[in-house]
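A.B. asks: Protein chains in written order, with the UniProt record's numbering: chain V, 1 to 332; chain E, 1 to 283.
Every residue gets a Cβ at the ideal spot worked out from N, C-alpha and C, and that includes glycine.
Quick caveat: nothing in here was measured; it's all calculated off a predicted structure.
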Amino acid sequence: MTDTALRSGTRRGRRTAPARGGPRPRGSRTRLTPYLLLAPTLVVIAGLLLYPLYRMLVMSTQDVGLREIRGEPAESVGAANFREILTSEVFWQALRNTVAFAAVAVSATLVLGTLVGLLIHRLGRVMSTTVVISTMLAWSMPHMSVATVWRWLFDEHGGVANWLLNQAPDWLTGALLGRADWSGYSWFLDPLPLYFVLTLAVVWQSFPFIAVSVLAGLKSIPGELFEAARVDGAGPWRSFWQVTFPLLKPVFAVLLVLSIIWDFKVFTQLHVLAGGIGNPAAYNLSLYAYAEAFRSPPRMGLGSAIAIVLAVILLVITVFYVRQIVRQEDVR
Amino acid sequence: MRAVAGRRSSRVAINAAAIAVIVFSVFPVFWMVSTALKTNEDIFTTDIVLVPTSVTWAHFREIFTEGIGNTSLWIYLRNSTVVALGAVLFGSAAALLGATAVARFRFRFRASFLIMLLIVQMVPHEALLIPLFVMARQAGLTNRLLGLVIINVAFTLPFAIWMLRTFVAAVPRELEEAAEIDGASRFRTFVSILFPLVAPGLVATSIFSFITVWNEFIFAFTLMADESGYTMPVALRWFIAREGIDWGGVMATSTVMTIPVIIFFLFVQRRMVSGLVAGAVKG
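1) Grouping DSSP H, G and I as helix and E and B as strand, with all else coil, what is E227(E)?
2) Looking at C-beta atoms only, is the number of pairs between the region 53-60 of chain E and the region 110-128 of chain E that lie closer than 8 angstroms three or more?
3) Counting Cβ pairs closer than 8 angstroms, one from the region 96-113 of chain V and one from the region 198-214 of chain V, do we hit at least three?
4) Once you ignore the five residues that flank V104(V) on each side, which residues in its own chain have a CB closer than 7 angstroms to its CB?
5) In whole angstroms, give me the CA-to-CA distance for N162(V) and L176(V).
6) Taking S254(E) and V272(V) to be in contact with their CB atoms under 8 angstroms, please state how far apart those CB atoms are, rounded to whole angstroms.
7) Below 6 angstroms, is the gap between the Cβ of L114(E) and the nearest heavy atom of the ligand HEM?
8) Any chance you could list the beta strand (DSSP E) runs of at least 3 consecutive residues sitting entirely within the region 208-258 of chain E, in chain order?
9) Does A94(V) get closer than 7 angstroms to chain E when you measure Cβ to Cβ?
10) Is R156(V) helix, strand or coil by DSSP?
11) Give the secondary structure of D42(E) by DSSP, where H, G and I count as helix, E and B as strand, and everything else as coil.
12) Just to confirm my understanding: we take L114(E), look at its own chain, exclude 5 residues before and 5 after, and list those with CB closer than 7 angstroms. What are they?
13) Between the region 120-138 of chain V and the region 252-265 of chain V, are three or more C-beta pairs nearer than 8 angstroms?
14) Drop a sphere of 10 angstroms on the beta-carbon of Q167(V), count the other beta-carbons inside from all chains shown, and report buried for 16 or more, exposed for fewer.
15) Looking at the secondary structure, which residues open and close the alpha helix (DSSP H) in which V191(E) lies?
16) With H, G and I counted as helix, E and B as strand and the rest as coil, what does DSSP make of S34(E)?
17) What three-state label does DSSP hand S54(E) in the structure shown?
18) Drop a sphere of 10 angstroms on the beta-carbon of L194(V), count the other beta-carbons inside from all chains shown, and report buried for 16 or more, exposed for fewer.
19) Listed from N- to C-terminal order along the chain, which residues in the region 219-239 of chain V have their beta-carbon within a distance smaller than 7 angstroms of any beta-carbon of chain E?
20) Quick check: the Cα distance between T205(E) and W241(V), rounded to an integer number of angstroms?
21) So L248(V) and G217(V) are supposed to be a Cβ contact under 8 angstroms. How far apart are they, rounded?
22) Which residue or residues does DSSP assign as beta-bridge partners of S76(V)?
23) Out of I210(V), L164(V), H157(V) and V212(V), which has the shortest C-alpha to C-alpha gap to Y185(V)?
24) Under 7 angstroms, CB to CB, which of the residues in the region 115-141 of chain V have a partner in chain E?
25) Determine the direct distance from the alpha carbon of A282(V) to that of V15(E), and round the result to whole angstroms.
26) Determine the burial state of L192(V): buried for a count of at least 16 other Cβ atoms within 10 Å of its Cβ, exposed for fewer.
27) Against chain V, which members of the region 144-170 of chain E pass a CB distance test of less than 9 angstroms?
28) Using a C-beta to C-beta distance shorter than 8 angstroms, which residues of chain E count as neighbours of G303(V)?
29) Output yes if chain E places a C-beta closer than 7 angstroms to the C-beta of W182(V); else output no.
30) On a Cα-Cα basis, can you pick out the residue from P158(E), P200(E), I151(E) and F155(E) that is closest to A170(E)?
31) Is the CB-CB distance between Y321(V) and I306(V) below 7 angstroms?
32) How many whole angstroms separate the CB atoms of V202(V) and D263(V), which I take to be in contact at a CB cut-off of 8 angstroms?
33) With 7 angstroms as the C-beta to C-beta threshold (strictly closer), list the residues of the region 40-51 of chain V near chain E in chain order.
34) With a threshold of 16 other CB atoms inside 10 Å of the CB of T267(E), please say whether the residue is buried or exposed.
35) Could you give the C-beta distance for I85(V) and L314(V), rounded to a whole number, given that I count them as a contact under 8 angstroms?
36) Who are the Cβ neighbours of P260(E) in its own chain at under 8 angstroms, not counting the five residues just before and after it?
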């Protein structure tokens, strides 16, 4: 991080120099202007993003219950909150759920998104437009609608999924999934089927962004490169790994990091599918933090400690994102 | 001969794959709308009815009159609109000033500010929920739409500046300089030269912010305790938490919430890619 900051620092320095000696003499008023223009933004960011981060750090070392929320001074408990979560089975389960879900969902999203991007690139005009618009429907839906619709698709009674599985031959579903009769089967009680539906819902919504980004990248690659690869006898597989992937590496890097960040903190969809906070085995880190902070009686200190673990993990990943963007964008 | 046949069969395979992608993407959306238009007999059956046998608007009529929880959907639509418009109004004003500062001036900490924007954009809102809830509670802003407006400004502002700055930078500086030579004040130049040229970008940015706020769930869910203050996503969450879910009404509500977002989204989708992937995609 310091490395990139330093580099862009020197870049800025070099650029500032000629501007200062430019044609228009700048008084002290113009020198103040940018700061005045930035003032509202800085106030908002400082007051509503940075200060809460600080409050979260403080609260994670305190015992914050109902009375403290109302404004009574909170009692410091040192590292007790962190000790408690690190020795709690629920925390480790939530961490496992978070990481495993992110690993599966991110890989599935990237693979599917890339394949669809490559597919659209090879389609005729009408077909490619149709695919782009249809995937965009999924992409643009509010998370809450997505969660609701997938909850309905997998509903135990009126759901399409159970109906489809019942249509399939019993011996097949029996051999593959260990169940032949799916009438009334609930997907949302055990973590594994629950996370399966969650993965489907999240991948369904996230792959279009990957596809469209990859497509934009593909369009920037000169067609002669693919032609040359084909002349050299490369099939689609080799042509992807030897032409497309190396050229689009920066795109993939950003998409990978963004997907990890998004999938690490999935909340709305899980809250809906798990039916609230009643099932600790289904928690991921954000639902766990929320559950501790807002259950009754609330334990905001403990919740803050969990949120800090989540924030630190995401911060580390964000550093990669920022480095990648700064490298490409030049932060001019 | 064989080469031609091979090419034709691969054409067929590609188009078949495309149709599979279309079905996979569209089906859940189709299912949402079709459930909303079905009679309860068609919804609650063990034999799935793919296309409604008789289309009914009863679910839509119901959610807008008596509503699922005895409150008409109009209240939630109004709340969502107030919060989204409020946040967009304040956010866009601040973003325009901020973007102008970043795109038009060279000053100390400029690069650091941009990097801070990128980082702040990625701060997980889910993690900030707890401190912001306590702060809102102590400021007496829970259960008030104003509290949601303020918080949503903070969440949409960093990306708005990041996106808007490229629009401001795209306006040729010479235009402003010409106006200044003609004797226009800095403010006048801003209002009559820069603003009209940046307006399309401002609209695109505002639409983004609008969609983000419209979809926001977790803060509205924790901050608004009374039903009368629910936004659309919170109302929907509440509907499916009830015993014996009325799926027709739920899907109708979900459809109403989704339609404006889809329309807006189709306008600004292109910029979304360039905003997030920044310089990585140059097409």
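C.D. replies: So, to answer that:
1) One-based indexing of the second sequence puts residue 227(E) at position 227. Correct three-state label for E227(E): helix.
2) no
3) yes
4) Here residue 104(V) corresponds to residue number 104 of the first sequence, with the count starting at 1. Result list for V104(V): T199, in chain order.
5) On the first sequence, position 162 is the one that residue 162(V) refers to. On the first sequence, position 176 is the one that residue 176(V) refers to. Answer to the nearest angstrom: the Cα atoms are 15 angstroms apart.
6) Taking the first residue of the second sequence as 1, we reach residue 254(E) at position 254. Taking the first residue of the first sequence as 1, we reach residue 272(V) at position 272. 11 angstroms between Cβ atoms; not a contact.
7) The ligand HEM is not part of this structure, which contains no ligands at all.
8) none
9) The sequence position of residue 94(V) within the first sequence is 94, counting from 1. Not an interface residue.
10) By one-based count along the first sequence, residue 156(V) stands at place 156. Reading off the sequence, residue 156(V) comes out as Glu, not Arg. Looking at E156(V) - three-state DSSP - the assignment turns out to be coil, as it is neither helix nor strand.
11) In the second sequence, the residue the question calls residue 42(E) occupies position 42. Residue state, collapsed to three classes: helix.
12) The sequence position of residue 114(E) within the second sequence is 114, counting from 1. Excluding positions up to five away in sequence, the list reads V102.
13) no
14) As a working mapping, residue 167(V) is identified with position 167 in the first sequence. Under this definition Q167(V) is an exposed residue.
15) Counted from its first residue, the second sequence places residue 191(E) at position 191. Segment: none, V191(E) is in no alpha helix (DSSP H) and carries neither H nor E.
16) By one-based count along the second sequence, residue 34(E) stands at place 34. Here S34(E) sits in helix by DSSP.
17) Translated into positions along the second sequence, residue 54(E) becomes position 54. Reduced to three states, the DSSP call for S54(E) is coil.
18) The residue given as residue 194(V) occupies position 194 in the first sequence. With a threshold of 16 other beta carbon atoms within 10 Å, L194(V) meets it and is buried.
19) K219 and S220
20) Residue 205(E) sits at position 205 when you count from the first residue of the second sequence. Residue 241(V) sits at position 241 when you count from the first residue of the first sequence. Between T205(E) and W241(V), the C-alpha separation is close to 36 angstroms.
21) Translated into the one-based positions of the first sequence, residue 248(V) becomes position 248. Translated into the one-based positions of the first sequence, residue 217(V) becomes position 217. Contact holds; Cβ gap of about 4 angstroms.
22) As a working note, residue 76(V) is residue 76 in the first sequence. Looking at the DSSP assignment, S76(V) forms a beta bridge with Q62(V).
23) Position 185 of the first sequence, counted from the first residue, corresponds to residue 185(V). Nearest C-alpha to Y185(V): H157(V).
24) V116, L119, R122, L123, M127, T130, V131, S134, T135, M136, L137, A138, S140 and M141
25) Numbered from 1 along the second sequence, position 15 holds the residue referred to as residue 15(E). Numbered from 1 along the first sequence, position 282 holds the residue referred to as residue 282(V). One point to set straight first is that residue 15(E) is Asn, not Val, in the sequence displayed. The alpha-carbon atoms of N15(E) and A282(V) are separated by roughly 39 angstroms.
26) Indexing the first sequence from 1 puts residue 192(V) at position 192. When all chains shown are included, L192(V) counts as exposed.
27) Residues passing the 9 angstroms Cβ filter: I150, I151, V153, A154, F155, L157, P158, I161 and A169.
28) Here residue 303(V) refers to the residue found at position 303 of the first sequence. Within 8 angstroms Cβ-Cβ: I130.
29) Along the first sequence, one-based indexing puts residue 182(V) at 182. By this cut-off, W182(V) is not an interface position.
30) On the second sequence, position 170 is the one that residue 170(E) refers to. Nearest C-alpha to A170(E): P200(E).
31) Translated into the one-based positions of the first sequence, residue 321(V) becomes position 321. Translated into the one-based positions of the first sequence, residue 306(V) becomes position 306. Their beta carbons are not under 7 angstroms apart, which means Y321(V) does not touch I306(V) by this criterion.
32) For the purposes of this step, residue 202(V) is taken as residue 202 along the first sequence, with counting starting at 1. For the purposes of this step, residue 263(V) is taken as residue 263 along the first sequence, with counting starting at 1. Between D263(V) and V202(V) the Cβ distance is about 6 angstroms, and since that is below 8 angstroms, they are a contact.
33) P40, T41, V44, I45, L48 and L49
34) Taking the second sequence and counting its residues from 1, one reaches residue 267(E) at position 267. The question names Thr, but residue 267(E) in the sequence shown is Phe. With fewer than 16 other Cβ atoms within 10 Å, it is exposed.
35) Here residue 85(V) is taken as the residue at index 85 of the first sequence, counted from 1. Here residue 314(V) is taken as the residue at index 314 of the first sequence, counted from 1. 17 angstroms between Cβ atoms; not a contact.
36) Here residue 260(E) refers to the residue found at position 260 when the second sequence is read from its first residue. The residues are W214.
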